[in-house]
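Notes follow the structure.
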Amino acid sequence: MINELLDDQRYDIEFNGHLTNHVKHAVIALSGLGVPEERIAWYYRRYAAMTPYGMGLEPPRKARYQIDSANWRSLRGKRSSFSAYCDFFRQQIREQGREQVLASYLPELIDGWVGSLTHGTIHLGWALLAEHEVMIVEGLAYMAYSYVPCHHRRSQYDPRLGEPRVFDSVLRLANCWQQRREEMLAWQSAVIETPAEEIKARIHPELQRSGLQYRIACVLEQGHEEIYRQPEWLTQQSLEQVWVQFYQTVTLIYLTTPGNFLLLHLLTSLLAMEQIARHLPEQEARDVLCSYWVGMQCMLFATDSLAHPDKLQSLQHLYADEYDDIRDPLWEREWQQLTARAVEEEEEHNPKLVYVMKLLWLRTKCTLYRATAHQFTTTPQLPPSFEHAPNLE
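Right, here's the structure in full:
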(Lines of atoms letter the chains of each structure in order from A; the text may use other names.)
(Lines give C-alpha, C1' and ligand atoms only; values in the text may rest on other atoms or scores of the structure.)
Protein backbone atom coordinates (compact mmCIF):
# COMPACT_ATOMS: atom_id res chain seq x y z
CA MET A 435 0.00 0.00 0.00
CA ILE A 436 2.86 2.42 0.76
CA ASN A 437 4.25 2.01 -2.75
CA GLU A 438 0.80 2.62 -4.19
CA LEU A 439 0.55 5.91 -2.30
CA LEU A 440 4.01 7.00 -3.41
CA ASP A 441 3.17 5.98 -6.99
CA ASP A 442 0.01 8.12 -6.99
CA GLN A 443 0.10 10.82 -9.68
CA ARG A 444 -3.47 12.12 -9.41
CA TYR A 445 -2.31 15.38 -7.83
CA ASP A 446 0.02 18.17 -8.86
CA ILE A 447 3.26 18.78 -6.98
CA GLU A 448 1.84 22.19 -5.94
CA PHE A 449 -1.51 23.80 -5.20
CA ASN A 450 -2.77 27.38 -4.95
CA GLY A 451 0.19 28.58 -6.96
CA HIS A 452 3.40 27.58 -5.25
CA LEU A 453 2.28 25.76 -2.08
CA THR A 454 3.92 22.34 -2.07
CA ASN A 455 2.05 19.07 -1.98
CA HIS A 456 3.85 17.42 0.96
CA VAL A 457 1.74 14.31 1.34
CA LYS A 458 4.30 11.80 0.05
CA HIS A 459 6.87 13.13 2.53
CA ALA A 460 4.36 12.40 5.30
CA VAL A 461 3.86 8.87 3.96
CA ILE A 462 7.60 8.18 4.19
CA ALA A 463 7.79 9.68 7.68
CA LEU A 464 4.79 7.79 9.04
CA SER A 465 5.95 4.54 7.47
CA GLY A 466 9.41 5.05 8.97
CA LEU A 467 7.80 5.56 12.37
CA GLY A 468 5.99 2.23 12.09
CA VAL A 469 2.46 3.57 11.64
CA PRO A 470 0.07 0.92 10.23
CA GLU A 471 -0.52 1.16 6.48
CA GLU A 472 -4.27 1.67 6.75
CA ARG A 473 -3.69 4.62 9.08
CA ILE A 474 -1.19 6.11 6.61
CA ALA A 475 -3.72 5.71 3.80
CA TRP A 476 -6.28 7.54 5.96
CA TYR A 477 -3.75 10.35 6.52
CA TYR A 478 -3.12 10.55 2.77
CA ARG A 479 -6.82 10.81 1.93
CA ARG A 480 -7.39 13.44 4.60
CA TYR A 481 -4.52 15.61 3.36
CA ALA A 482 -5.52 15.31 -0.29
CA ALA A 483 -9.08 16.38 0.50
CA MET A 484 -8.11 19.24 2.82
CA THR A 485 -4.56 20.45 3.42
CA PRO A 486 -3.71 22.44 6.56
CA TYR A 487 -4.15 25.60 4.46
CA GLY A 488 -7.88 24.93 4.13
CA MET A 489 -7.87 23.75 0.52
CA GLY A 490 -7.44 20.41 -1.21
CA LEU A 491 -4.79 19.20 -3.62
CA GLU A 492 -5.19 19.97 -7.32
CA PRO A 493 -5.03 17.79 -10.45
CA PRO A 494 -1.79 17.91 -12.46
CA ARG A 495 -1.21 21.11 -14.40
CA LYS A 496 -0.50 20.91 -18.09
CA ALA A 497 3.10 21.59 -19.08
CA ARG A 498 3.68 24.58 -21.34
CA TYR A 499 6.85 23.20 -22.91
CA GLN A 500 8.34 19.86 -23.82
CA ILE A 501 11.62 19.37 -21.97
CA ASP A 502 14.65 17.90 -23.71
CA SER A 503 18.43 17.92 -23.43
CA ALA A 504 18.59 21.23 -25.31
CA ASN A 505 16.32 23.28 -23.05
CA TRP A 506 16.23 21.62 -19.62
CA ARG A 507 18.77 24.12 -18.23
CA SER A 508 17.19 27.26 -19.67
CA LEU A 509 13.76 26.34 -18.28
CA ARG A 510 15.00 25.70 -14.74
CA GLY A 511 13.11 27.86 -12.28
CA LYS A 512 10.55 29.01 -14.86
CA ARG A 513 7.84 27.03 -13.05
CA SER A 514 6.17 26.14 -16.34
CA SER A 515 6.49 22.43 -17.09
CA PHE A 516 6.71 20.08 -14.10
CA SER A 517 5.09 17.10 -15.84
CA ALA A 518 7.38 17.58 -18.85
CA TYR A 519 10.41 17.55 -16.55
CA CYS A 520 9.07 14.28 -15.12
CA ASP A 521 8.84 12.85 -18.64
CA PHE A 522 12.38 14.02 -19.38
CA PHE A 523 14.01 12.56 -16.27
CA ARG A 524 12.01 9.34 -16.54
CA GLN A 525 13.35 8.87 -20.06
CA GLN A 526 16.90 9.74 -18.99
CA ILE A 527 16.77 7.11 -16.23
CA ARG A 528 15.35 4.57 -18.66
CA GLU A 529 18.24 5.20 -21.06
CA GLN A 530 21.15 5.77 -18.67
CA GLY A 531 20.19 4.24 -15.33
CA ARG A 532 19.38 6.05 -12.13
CA GLU A 533 22.90 6.48 -10.73
CA GLN A 534 24.26 7.90 -13.98
CA VAL A 535 21.40 10.39 -14.17
CA LEU A 536 22.00 11.49 -10.59
CA ALA A 537 25.72 11.89 -11.30
CA SER A 538 25.03 13.86 -14.48
CA TYR A 539 22.26 16.21 -13.36
CA LEU A 540 22.62 16.78 -9.62
CA PRO A 541 25.80 18.88 -9.91
CA GLU A 542 23.76 21.32 -12.01
CA LEU A 543 20.64 21.16 -9.84
CA ILE A 544 22.05 21.29 -6.33
CA ASP A 545 22.80 25.02 -6.40
CA GLY A 546 19.04 25.55 -6.60
CA TRP A 547 18.23 23.40 -3.57
CA VAL A 548 16.44 26.20 -1.66
CA GLY A 549 13.80 26.61 -4.39
CA SER A 550 10.19 25.93 -3.35
CA LEU A 551 11.37 26.45 0.24
CA THR A 552 13.60 23.36 -0.11
CA HIS A 553 10.70 21.03 -0.96
CA GLY A 554 12.12 19.83 -4.28
CA THR A 555 15.24 18.80 -2.40
CA ILE A 556 13.17 17.10 0.31
CA HIS A 557 11.15 15.26 -2.32
CA LEU A 558 14.27 13.90 -4.02
CA GLY A 559 16.33 13.18 -0.92
CA TRP A 560 13.53 11.41 0.88
CA ALA A 561 12.71 9.47 -2.30
CA LEU A 562 16.32 8.26 -2.38
CA LEU A 563 16.02 7.25 1.27
CA ALA A 564 12.86 5.29 0.45
CA GLU A 565 14.36 4.04 -2.84
CA HIS A 566 11.19 4.91 -4.71
CA GLU A 567 11.65 5.45 -8.45
CA VAL A 568 8.51 7.51 -9.17
CA MET A 569 9.37 9.94 -6.38
CA ILE A 570 12.99 10.16 -7.53
CA VAL A 571 11.77 11.29 -10.96
CA GLU A 572 9.39 13.77 -9.32
CA GLY A 573 12.16 15.06 -7.06
CA LEU A 574 14.55 15.73 -9.94
CA ALA A 575 11.73 17.40 -11.84
CA TYR A 576 10.67 19.55 -8.90
CA MET A 577 14.25 20.68 -8.25
CA ALA A 578 14.49 21.82 -11.86
CA TYR A 579 10.98 23.31 -11.93
CA SER A 580 11.46 25.40 -8.77
CA TYR A 581 15.21 26.09 -9.14
CA VAL A 582 16.43 29.24 -7.36
CA PRO A 583 20.26 29.39 -7.26
CA CYS A 584 22.14 30.05 -4.03
CA HIS A 585 25.41 30.80 -5.91
CA HIS A 586 27.48 28.61 -3.62
CA ARG A 587 30.52 28.95 -5.88
CA ARG A 588 30.85 32.57 -4.75
CA SER A 589 32.15 31.27 -1.42
CA GLN A 590 35.91 31.22 -0.88
CA TYR A 591 38.03 29.71 1.87
CA ASP A 592 38.88 32.32 4.52
CA PRO A 593 41.88 31.23 6.65
CA ARG A 594 41.23 34.11 9.08
CA LEU A 595 38.14 32.40 10.48
CA GLY A 596 39.82 29.65 12.48
CA GLU A 597 36.54 27.81 13.03
CA PRO A 598 37.01 24.05 13.45
CA ARG A 599 33.30 23.22 13.91
CA VAL A 600 30.00 24.07 12.23
CA PHE A 601 28.72 25.40 15.55
CA ASP A 602 31.62 27.87 15.74
CA SER A 603 30.65 29.33 12.37
CA VAL A 604 27.00 29.68 13.32
CA LEU A 605 28.03 31.34 16.58
CA ARG A 606 30.08 33.86 14.57
CA LEU A 607 27.03 34.66 12.47
CA ALA A 608 24.86 35.03 15.57
CA ASN A 609 27.42 37.40 17.09
CA CYS A 610 27.55 39.34 13.82
CA TRP A 611 23.79 39.89 13.92
CA GLN A 612 23.87 40.76 17.61
CA GLN A 613 26.78 43.21 17.46
CA ARG A 614 25.95 44.79 14.08
CA ARG A 615 22.18 44.53 14.33
CA GLU A 616 21.20 47.92 12.92
CA GLU A 617 23.63 47.54 10.03
CA MET A 618 22.42 44.02 9.23
CA LEU A 619 18.74 44.98 9.35
CA ALA A 620 19.43 47.95 7.07
CA TRP A 621 21.20 45.62 4.64
CA GLN A 622 18.32 43.16 4.81
CA SER A 623 15.78 45.90 4.13
CA ALA A 624 17.70 47.20 1.12
CA VAL A 625 18.20 43.75 -0.38
CA ILE A 626 14.56 42.71 0.01
CA GLU A 627 12.56 45.92 -0.31
CA THR A 628 14.54 47.79 -2.97
CA PRO A 629 16.40 45.27 -5.15
CA ALA A 630 17.66 46.44 -8.52
CA GLU A 631 15.33 45.80 -11.43
CA GLU A 632 17.65 43.20 -12.93
CA ILE A 633 17.54 41.30 -9.63
CA LYS A 634 13.74 41.38 -9.52
CA ALA A 635 13.64 40.19 -13.12
CA ARG A 636 15.50 37.01 -12.13
CA ILE A 637 12.92 36.11 -9.46
CA HIS A 638 9.74 34.40 -10.61
CA PRO A 639 6.73 36.69 -9.99
CA GLU A 640 4.75 33.88 -8.34
CA LEU A 641 7.21 34.02 -5.42
CA GLN A 642 6.10 37.56 -4.69
CA ARG A 643 2.76 36.11 -3.57
CA SER A 644 4.66 34.12 -0.96
CA GLY A 645 6.46 36.89 0.82
CA LEU A 646 8.76 34.41 2.56
CA GLN A 647 10.08 32.74 -0.59
CA TYR A 648 10.50 36.13 -2.23
CA ARG A 649 12.56 37.42 0.72
CA ILE A 650 14.76 34.36 0.56
CA ALA A 651 15.15 34.59 -3.23
CA CYS A 652 16.29 38.22 -2.92
CA VAL A 653 19.02 37.24 -0.46
CA LEU A 654 20.01 34.16 -2.46
CA GLU A 655 20.51 36.34 -5.51
CA GLN A 656 22.41 39.19 -3.85
CA GLY A 657 24.09 37.56 -0.85
CA HIS A 658 26.27 39.12 1.83
CA GLU A 659 30.03 39.06 2.36
CA GLU A 660 29.71 37.01 5.56
CA ILE A 661 27.79 34.30 3.72
CA TYR A 662 30.65 33.65 1.31
CA ARG A 663 33.42 33.24 3.93
CA GLN A 664 34.19 29.55 3.73
CA PRO A 665 35.38 27.93 7.00
CA GLU A 666 37.99 25.18 7.20
CA TRP A 667 35.62 22.43 8.38
CA LEU A 668 33.91 22.48 4.99
CA THR A 669 36.94 20.93 3.30
CA GLN A 670 39.21 19.63 6.07
CA GLN A 671 36.89 17.22 7.90
CA SER A 672 35.32 13.99 6.74
CA LEU A 673 31.88 14.15 5.18
CA GLU A 674 30.42 12.12 8.05
CA GLN A 675 31.86 14.50 10.65
CA VAL A 676 30.39 17.53 8.92
CA TRP A 677 26.94 15.99 8.46
CA VAL A 678 26.79 15.03 12.14
CA GLN A 679 27.86 18.54 13.16
CA PHE A 680 25.28 20.09 10.85
CA TYR A 681 22.53 17.97 12.39
CA GLN A 682 23.49 19.00 15.91
CA THR A 683 23.89 22.68 15.06
CA VAL A 684 20.74 23.07 12.97
CA THR A 685 18.74 21.24 15.64
CA LEU A 686 20.07 23.70 18.22
CA ILE A 687 19.05 26.58 15.95
CA TYR A 688 15.54 25.11 15.75
CA LEU A 689 15.46 24.68 19.52
CA THR A 690 16.23 28.38 20.04
CA THR A 691 12.85 29.11 18.45
CA PRO A 692 10.93 25.86 18.90
CA GLY A 693 8.18 25.36 16.37
CA ASN A 694 9.65 27.85 13.90
CA PHE A 695 8.19 26.80 10.55
CA LEU A 696 11.13 28.00 8.44
CA LEU A 697 13.81 26.48 10.67
CA LEU A 698 12.06 23.12 10.58
CA HIS A 699 12.64 23.08 6.81
CA LEU A 700 16.38 23.36 7.44
CA LEU A 701 16.20 20.07 9.35
CA THR A 702 14.06 18.09 6.93
CA SER A 703 16.06 19.33 3.94
CA LEU A 704 19.35 18.54 5.70
CA LEU A 705 18.37 14.87 5.82
CA ALA A 706 17.54 15.11 2.11
CA MET A 707 20.85 16.76 1.23
CA GLU A 708 22.80 14.02 2.99
CA GLN A 709 20.93 11.34 1.01
CA ILE A 710 21.65 13.20 -2.23
CA ALA A 711 25.34 13.53 -1.37
CA ARG A 712 25.58 9.77 -0.75
CA HIS A 713 24.91 9.19 -4.45
CA LEU A 714 27.77 11.44 -5.61
CA PRO A 715 31.59 11.26 -5.66
CA GLU A 716 33.37 13.00 -2.78
CA GLN A 717 34.04 16.33 -4.51
CA GLU A 718 30.45 16.67 -5.66
CA ALA A 719 29.31 15.61 -2.19
CA ARG A 720 31.36 18.47 -0.76
CA ASP A 721 29.61 20.78 -3.19
CA VAL A 722 26.33 19.60 -1.66
CA LEU A 723 27.66 20.56 1.78
CA CYS A 724 28.81 23.94 0.49
CA SER A 725 25.45 24.57 -1.19
CA TYR A 726 23.63 23.71 2.02
CA TRP A 727 25.88 26.01 4.06
CA VAL A 728 25.43 28.98 1.73
CA GLY A 729 21.70 28.44 1.24
CA MET A 730 21.12 27.93 4.96
CA GLN A 731 22.83 31.23 5.75
CA CYS A 732 20.75 33.01 3.12
CA MET A 733 17.55 31.65 4.68
CA LEU A 734 18.65 32.77 8.15
CA PHE A 735 19.76 36.20 6.94
CA ALA A 736 16.56 36.77 4.97
CA THR A 737 14.38 36.12 8.00
CA ASP A 738 16.51 37.36 10.91
CA SER A 739 16.31 33.87 12.39
CA LEU A 740 19.62 33.68 14.25
CA ALA A 741 19.08 33.57 18.00
CA HIS A 742 21.11 35.50 20.56
CA PRO A 743 24.57 33.87 20.75
CA ASP A 744 24.25 33.37 24.51
CA LYS A 745 21.11 31.29 23.98
CA LEU A 746 22.81 29.17 21.35
CA GLN A 747 25.77 28.53 23.64
CA SER A 748 23.57 27.70 26.62
CA LEU A 749 21.64 25.11 24.63
CA GLN A 750 24.84 23.67 23.23
CA HIS A 751 26.30 23.26 26.72
CA LEU A 752 23.02 21.78 27.98
CA TYR A 753 22.95 18.94 25.44
CA ALA A 754 26.63 18.53 24.46
CA ASP A 755 27.29 15.46 26.63
CA GLU A 756 23.77 14.14 27.13
CA TYR A 757 23.05 10.69 25.71
CA ASP A 758 20.24 8.16 26.10
CA ASP A 759 20.28 4.40 26.42
CA ILE A 760 18.21 3.69 23.33
CA ARG A 761 17.33 0.23 24.72
CA ASP A 762 15.48 1.78 27.66
CA PRO A 763 11.74 0.96 27.31
CA LEU A 764 10.93 4.38 28.79
CA TRP A 765 12.25 6.06 25.66
CA GLU A 766 10.48 3.58 23.39
CA ARG A 767 7.23 4.50 25.10
CA GLU A 768 8.00 8.19 24.60
CA TRP A 769 8.56 7.68 20.87
CA GLN A 770 5.32 5.73 20.62
CA GLN A 771 3.47 8.65 22.20
CA LEU A 772 5.18 11.14 19.89
CA THR A 773 4.26 9.03 16.87
CA ALA A 774 0.63 8.84 18.01
CA ARG A 775 0.58 12.63 18.35
CA ALA A 776 2.13 13.03 14.91
CA VAL A 777 -0.53 10.91 13.20
CA GLU A 778 -3.25 13.18 14.56
CA GLU A 779 -1.55 16.30 13.23
CA GLU A 780 -3.10 17.91 10.15
CA GLU A 781 0.19 19.81 9.83
CA GLU A 782 2.32 17.22 8.06
CA HIS A 783 5.60 18.88 9.01
CA ASN A 784 5.17 17.42 12.49
CA PRO A 785 5.33 13.73 11.50
CA LYS A 786 8.40 14.70 9.47
CA LEU A 787 9.98 16.34 12.53
CA VAL A 788 9.41 13.25 14.68
CA TYR A 789 10.75 10.98 11.92
CA VAL A 790 13.95 12.95 11.38
CA MET A 791 14.60 13.34 15.10
CA LYS A 792 14.11 9.62 15.73
CA LEU A 793 16.49 8.72 12.90
CA LEU A 794 19.13 11.01 14.42
CA TRP A 795 18.48 9.74 17.95
CA LEU A 796 18.98 6.14 16.85
CA ARG A 797 22.10 7.13 14.93
CA THR A 798 23.78 9.17 17.70
CA LYS A 799 21.92 8.40 20.97
CA CYS A 800 21.92 12.17 21.63
CA THR A 801 19.23 13.40 24.02
CA LEU A 802 19.02 16.59 21.96
CA TYR A 803 17.02 14.89 19.23
CA ARG A 804 14.52 13.25 21.56
CA ALA A 805 13.93 16.60 23.27
CA THR A 806 13.48 18.41 19.96
CA ALA A 807 10.98 15.87 18.62
CA HIS A 808 8.39 17.31 21.01
CA GLN A 809 8.61 20.80 19.50
CA PHE A 810 5.79 20.71 16.96
CA THR A 811 5.12 23.54 14.53
CA THR A 812 1.88 25.17 13.38
CA THR A 813 0.70 26.00 9.87
CA PRO A 814 1.48 29.66 9.10
CA GLN A 815 -1.26 32.05 8.10
CA LEU A 816 -1.20 32.86 4.39
CA PRO A 817 -0.45 36.55 3.72
CA PRO A 818 -3.04 38.83 2.06
CA SER A 819 -1.21 38.37 -1.27
CA PHE A 820 -2.81 34.92 -1.50
CA GLU A 821 -6.14 36.61 -2.10
CA HIS A 822 -4.83 37.25 -5.62
CA ALA A 823 -4.80 34.55 -8.28
CA PRO A 824 -1.57 32.55 -8.71
CA ASN A 825 0.90 33.70 -11.34
CA LEU A 826 1.16 30.53 -13.41
CA GLU A 827 2.25 32.15 -16.67
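Read in order, the letters of the sequence shown correspond to residues 435 to 827 in our numbering. For each residue, glycine too, the CB sits at the ideal point set by N, CA and C.
When Cβ pairs closer than 8 Å are counted between the two stretches, the stretch 676-693 is seen to touch the stretch 600-609, the count reaching three or more. The count of Cβ pairs closer than 8 Å, one atom from the stretch 506-513 and one from the stretch 540-557, reaches three, so the stretches are in contact.
Around the Cβ of Pro-818, a 10 Å sphere holds fewer than 16 other Cβ atoms; the residue is exposed. Taking C-beta atoms under 8 Å as the contact rule, Trp-795 and Tyr-803 qualify, at a distance of about 4 Å.
Taking all protein chains shown into account, Arg-615 has fewer than 16 neighbouring C-beta atoms within 10 Å of its C-beta and is therefore exposed.
C-alpha of Leu-705 to C-alpha of Gly-531: approximately 24 Å in a straight line.
Trp-476 sits exposed, since fewer than 16 C-beta atoms from the chains shown fall within 10 Å of its C-beta. Here Ala-482 is not near Gly-488, since their CB atoms are 8 Å or more apart. The criterion of a C-beta distance shorter than 8 Å is satisfied by His-459 and Glu-782. Burial is judged here by how many other beta carbons sit within 10 angstroms of a residue's own beta carbon; Gln-647 has at least 16 and is buried. Comparing alpha carbon positions, the residue from Gln-534, Ile-556, Ala-711, Gly-693 closest to Phe-810 is Gly-693.
Taking a 10 Å sphere around the C-beta of Gly-546, we find 16 or more other C-beta atoms and assign the residue as buried. The residue among Met-569, Cys-800, Asp-502, Gln-500 with its C-alpha nearest the C-alpha of Leu-440 is Met-569. Around the beta-carbon of Ser-703, 16 or more other beta-carbon atoms lie within 10 Å, marking it buried. When secondary structure is reduced to three states using DSSP, Cys-732 falls in the helix class. Under the criterion of beta carbons closer than 8 Å, Cys-520 and Ala-575 qualify as touching, at roughly 4 Å.
Judged by DSSP in its simplified three-state form, Thr-737 adopts helix. When the alpha-carbon of Val-457 is set against those of Gly-451, Ile-436, Pro-470, the nearest one is in Ile-436.
Less than 8 Å separates the beta-carbon of Gly-451 from that of Glu-640. In this structure, Thr-690 lies near Lys-745, with their beta-carbon atoms less than 8 Å apart. Secondary structure of Tyr-757 (DSSP, three-state): strand. If the five residues before and after Ile-760 are omitted, its C-beta is found closer than 8 Å to the C-beta atoms of Trp-795, Leu-796, Lys-799, all from its own chain and listed in chain order. Contact annotation: Ile-556 and Ala-736 have beta-carbon atoms that are not nearer than 8 Å. Secondary structure at Gln-642: helix, using DSSP grouped into helix, strand and coil.
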